[in-house]
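Worksheet for the structure shown next.
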Amino acid sequence: MRAIIISKKIFAIKLVICLLSCDTPRLYMLNNSLNDKLTCDGNNFELFFSKSLVNTSEAITIKNLGDDNLKVTKLELNGKALEFEINKQDNVARIGVHSQRFAEKDKIHLVFSINQCRYDKTYAIGRVVKVSK
């Protein structure tokens, strides 16, 4: 009888630890904003990170590209270079990274160009506590 009670307590403790450590989808922001609005030659682009930052195949998304030429020259996480690939469909480009998960307080350094405009940006990631609609 005593062994059953102890095993139930151990199971309950393990369950609580598992629930607290699970990475649930959250909404993240960049430099205290949900996205980064970019302008080049009169065209407006929008850059944002995946909502959960766990889906690394679509870690960074740039919208409204159309026929514009996107070239990424550097992608670093906390000073460490990342391998990445760019998938472009319609007017959206998705930058995917390999074997990497982002987290709160990470710093992402991204150097890229759209047409003739060059951007060298560092994004600090933080969690959005409440989003007003």
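For the sequence shown, our numbering gives the first residue as 1, with consecutive numbering after it.
The beta-carbon is built from N, C-alpha and C at its ideal position, and this holds for glycine as well.
Judged by DSSP in its simplified three-state form, phenylalanine 45 adopts strand.
Cβ-Cβ distances below 6 Å link asparagine 69 to Asn115 in the same chain, with the five nearest sequence neighbours on each side left out; the list follows chain order.
Annotation for histidine 109: the continuous beta strand (DSSP E) segment containing it runs 107–114. Looking at the backbone, the Cα of isoleucine 95 and that of alanine 59 are separated by about 6 Å.
The alpha-carbon of lysine 105 is positioned some 6 Å away from that of alanine 124. Three or more Cβ pairs closer than 8 Å define a contact, and the stretch 71–82 falls short of that threshold against the stretch 37–44. A distance below 6 Å between beta-carbons, with the five flanking residues on each side excluded, links phenylalanine 112 to the following residues of its chain, in chain order: Val72, Tyr119. Contact between leucine 65 and lysine 88 is confirmed by a C-beta separation of about 7 Å, below the 8 Å threshold.
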